[in-house]
Each structure stands twice: as C-alpha cells, then as structure tokens.
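Here is the structure we will look at.
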Ligand code: GDG
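In our numbering, the protein residues as written are 44 to 517.
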C-alpha cells in the first residue's frame, strides 16, 4: 500500500493514553510508512510554518503551533462554537461569526501550505473530521494531485439545518476536491446526498458517486469500530480486575449503572439524570438498589456552553442526591475526572447497565467499549440512544429516545430485571459485530476505497475505450 499522510486537528500522544482510533491510525502508519500531521495544541507568537518532527511509537509525527487568534477563531470558534453544535442539530447553540469563518479558512490554508512539502507523489492523504473540511480544496489549490480522502467523525446535519450556516454551499462545493468521503452511517451519507441534490443541483449515482460540474466524489458509509481484542484484554488486566472489584465493593451489592462521556451537551447527560430521577420517583422499591456512576471528564472548557453544562449538571446531581440520599446510599456519583483506559474497562465490567444516551452522536465508541469489556458469563445490558450512530449497528441494545425521561426510566427497569439468558443472547450478537467490524476493519475499508479511486490527474476510464483513449483529464 502507498504511504499514508494522516491529517487531523490533533496528533495522538501515542503510548498507553491513546484510544483505539489513534492506535489503529498509528498501526497503519507503522505498516505503510507516512506521517501524521496536525496541530500540537501549543501556541506561538508568530506563525512561521515551522514543523516539529517527532517519532512516537515508531511513527513519524509532524506538528505545528498556532497563534492565539488562530486558536480562538478556528478551534474555539468555528470548530467548537459553530460546526460542532450545528452538526449535532443544536442551531440554538451555534454561533455564526465572520471572524470564526475567516480564521477557519486561514488555519486550513496554513495546514495546507505547511504539509505540502511532506507529501510525496504516490502518497495517499487522509484528512480527519470537521476541523478540516476545506483542506482538500486548499491542497488542490497548491497543485496536489494525490488521492485525498476525508472521514467525518460526527453526524451530517439535515439540509435545512446546514443551510443556517452562511457559507454552507461554498463549504460543500469545496468537499468535491476530495476523492472519497466517509460517514459512519448511511443516514449521515443520505443527508449529504440530499444537500448536494437539492441545494447544489448535483447528482448521485446508484453506487453513491456524487457529481457536481466536472468533479465527482465517491461516498461510503463506514462505521468506525474499537480495537475489541485490545479492549477485552484490558478488561482482564490486573488494574481492571482491581478497579472492577473496588467499584463493586463500593456499591455494596447494588446494581451499578455507568455512563462515561466527555462533558459535552451532545451526550445527553442532563436528560440522563432526569431519566434517572424519574426512575427513582416511579420505582420507590428500586431506590437503594441501584447507583448511577457518571464519569464525565471536562472538555473544551474555554467555550461558554461547556461551562454552562458543567454548572447545570452539578446542580442537578446535587438536587437528586439531596432529595433521595440516605445515611448509607447516594443515588448519583458524579465524577469530573478522566481515568486510565484499563481502569475504565474495569468500571464497565463492574456495571450491570451501560448508559449511552447522547442526543446526537456520530458513532459513540463508549457503547462498543462497554460491550467489549463484559464478562461473557454474566454480561451487562446496554441502554443506547436511537440518535447515536452506534444504534444502526447495535440493535440488540435497549434502544431509547434520550429526550424522554419516561422511556429512560422504563429502559432502566427493563435492564435491571432482564434474565441472564436474554442478557447473554443480546450481548453475544452485539459482541460478534463489535469484534468483526473493529477499528482495523474500518481502516482497511476506508483505505481500500481510497486506493480504488482514480488519481486526480488520471484520465477517466470510459467503458469501451482503451485506457489511453483521448479522454480529457478532470
Ligand atoms: C467523536 C464523535 C465518534 C472518555 N472518558 C475517558 C476516556 N474516554 C474515551 C472513551 C472513548 C472516547 O473517549 C470517546 O469516544 P466517543 O466516540 O464516545 O466520542 P467523541 O470523543 O465525541 O468522538 C463520536 C468518535 O469521534 C470516533 O469517530 O464515535 O461520535 O463525537 O474511547 O473511552 N478515556 C480515558 N479516560 C476517561 O476518563 N482514558
């Protein structure tokens, strides 16, 4: 396979802290050679295009520092205050500022200019996520003819919502600079097609090649997975065993429900707490029989909506605990701290119920990690939002509408009383799929589809014509 140039907002730190996605990308880079390029997370007074090269776990990484204004407008601004809420259907939180849009374009152009000399003729370029939507077009502007693929890790919003973004049409047109675009689910892919057809007048072929003018873009649905084997191994590590036992001991025989989410409004934490409150109100006999452990490491603290959700959740957890706690029982344990992955695996294994109830989520890897960490002889039950991309694959979970406190409450009861045989049957089906469509499967699907794309400056093959037929290059 060709060398791979992976470009993403941040580059993995490597080592034990890296999640499955980063580990898979590192494995691909190790196997095929190449570079992982992105922002260091650091700042500089004056952007000069200086690149910091490192070797992390035998993988070459290249990072750049950004100016304060870049970080404010591109990262805290357009990425986190415009695109993230909009793509999660939260136009009530989305902020449309010209300065953010300008900063976003400027930083993407900086990425393009800086990575340019690192790209060799046969390399395949793989751009990750919503921070970098225009990067393909910027690279083409510098004459890059390599195959370039783009993967979107978050949902693609419905057409009318996307049209609230002043530069929506221009942004989607720019995506046609890529050769391949991947989504987690068919639903997000179809939303993209709808925009192309209805707003841009483009066409979509039966095999999902979108065409706009003289440019075409292959679309695939390719759900990201986890490293299921690694996660199952983590779950049987000493740390996981110890953590599992500690957490179980602390619950003193009560059933544990666990949630593990970045502290983000898309994850439905407030609605989850309200659903649990409802459950406690409706089922007084279950009080003191359950404990909700919510792990929510803070994220994007520089953005106001993230500060607000923190305050709201603290208030809500306090209110519920105040109303129901007794001398020897507290209904919610709410922890604003990150844990090591092996400890997390132990927490998942200790929990009778995994609560994954985002209001909207591209995929949600926690759902898959929870399943991978279970004891096959006594697996827990996954309660999963219908609005997580994972719901399109994990149909044996108890699927819920996270906006409905009643549905959440019913699902909690159903999970608590579910017989062992049913738990095993549901878990086995989900586990088979988590193992089969793991993160290496995802990586191979995407890179194979990219390799199958025509190089940008190669003439199009038209059936019936010899390959040297006089067809204009696009
Ligand atoms: C985006 C999309 C899509 C959480 N707490 C701790 C911790 N985590 C880890 C989890 C999991 C990861 O963070 C979260 O992944 P998600 O998929 O749930 O969500 P996002 O971060 O929003 O990711 C999402 C994903 O991209 C991949 O395409 O699935 O839809 O939003 O791995 O375990 N990890 C550690 N300590 C913690 O306390 N070590």
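Just so it is clear, CB atoms sit at the ideal spot from N, CA and C, and this is done for glycine as well.
| Query | Result |
| --- | --- |
| To the nearest angstrom, how far is it from the Cα of residue 46 to the Cα of residue 224? | 19 Å |
| Whole angstroms is fine: what's the gap from residue 365's alpha carbon to residue 461's? | 29 Å |
| Counting C-beta neighbours from all protein chains within 10 Å, is the total for residue 370 16 or more, i.e. buried, or is it exposed? | exposed |
| Does any CB atom of chain C fall closer than 8 Å to the CB of residue 300? | Considering every chain present, this structure includes no chain C. It has just one protein chain. |
| Under 8 Å: do the region 350 to 368 and the region 247 to 267 share three or more Cβ pairs, one atom per stretch? | no |
| Would DSSP call residue 334 helix, strand or coil? | strand |
| Just confirm the distance between the C-beta atoms of residue 66 and residue 270, as a whole number of angstroms; I'd bet it's less than 8 Å. | 6 Å |
| Quick check on residue 300: does DSSP put it in helix, strand or coil? | strand |
| Alpha carbon to alpha carbon, how far is residue 282 from residue 464? Give it in angstroms, no decimals. | 29 Å |
| Go through the region 156 to 208 residue by residue and report every complete run of the beta strand (DSSP E) that reaches 3 residues or more, in order. | 167 to 171, 190 to 194 |
| Would you check whether ligand 1 has a heavy atom nearer than 7 Å to the C-beta of residue 377? | no |
| Does residue 13 come out as helix, strand or coil in the three-state DSSP assignment? | Nothing about residue 13 can be reported from this structure: the residues present for the chain run from 44 to 517 only. |
| Residue 560 to residue 421, Cα distance in whole Å? | Outside the shown range of the chain, which is 44 to 517, sits residue 560, and nothing can be said about it. |
| Between the alpha carbons of residue 378 and residue 347, how many angstroms are there, rounded? | 20 Å |
| Out of 446, 477, 447, 405, which has the shortest C-alpha to C-alpha gap to residue 440? | 477 |
| Quick check: does the Cβ of residue 488 come within less than 7 Å of any heavy atom belonging to ligand 1? | no |
| Do you know whose CA, among 126, 298, 235, 260, lies nearest residue 391's CA? | 298 |
| In the DSSP output, what is residue 473 paired with across the bridge? | In DSSP, residue 473 forms no bridge with anything. |
| When burial is assigned at 16 or more other CB atoms within 10 Å of the CB, is residue 241 buried or exposed? | exposed |
| Evaluate contact between the region 76 to 91 and the region 151 to 164, counting only Cβ atoms and requiring at least three cross-stretch pairs below 8 Å. | yes |
| Going by the DSSP bridge assignment, what does residue 253 pair with across the sheet? | 247, 260 |
| For residue 341 and residue 448, I'd like the C-alpha separation in whole angstroms. | 24 Å |
| Of all the beta strand (DSSP E) runs that stay within the bounds of the region 357 to 403, which reach a length of 3 or more residues? | 375 to 378, 396 to 399 |
| What are the boundary residues of the beta strand (DSSP E) that residue 99 is part of? | 95 to 99 |
| Applying the 10 Å Cβ sphere with the 16-neighbour rule, what's the burial state of residue 49? | buried |
| Flag this pair as touching only if the region 196 to 205 and the region 105 to 117 have three or more C-beta atom pairs under 8 Å; answer yes or no. | no |
| What does the alpha-carbon distance come out to for the pair residue 363 and residue 337? | 13 Å |
| Excluding sequence positions up to five away, which residues of its chain have a Cβ less than 8 Å from the Cβ of residue 527? | With the chain covering only 44 through 517, there is no way to say anything about residue 527. |
| So, do the region 384 to 401 and the region 322 to 329 have three or more beta carbon pairs nearer to each other than 8 Å? | no |
| Any contact between the region 482 to 500 and the region 256 to 274? By contact I mean 3 or more CB pairs, one from each, below 8 Å. | yes |
| Could you tell me the distance, in whole angstroms, from the CA atom of residue 398 to the CA atom of residue 205? | 29 Å |
| At which residues does the beta strand (DSSP E) containing residue 85 begin and terminate? | 77 to 86 |
| With H, G and I counted as helix, E and B as strand and the rest as coil, what does DSSP make of residue 52? | strand |
| Tell me residue 225's beta-bridge partners as DSSP assigns them. | 194, 263 |
| Measuring straight from C-alpha to C-alpha, what distance separates residue 87 and residue 147? | 17 Å |
| From the DSSP output, read off the bridge partner residues of residue 346. | In DSSP, residue 346 forms no bridge with anything. |
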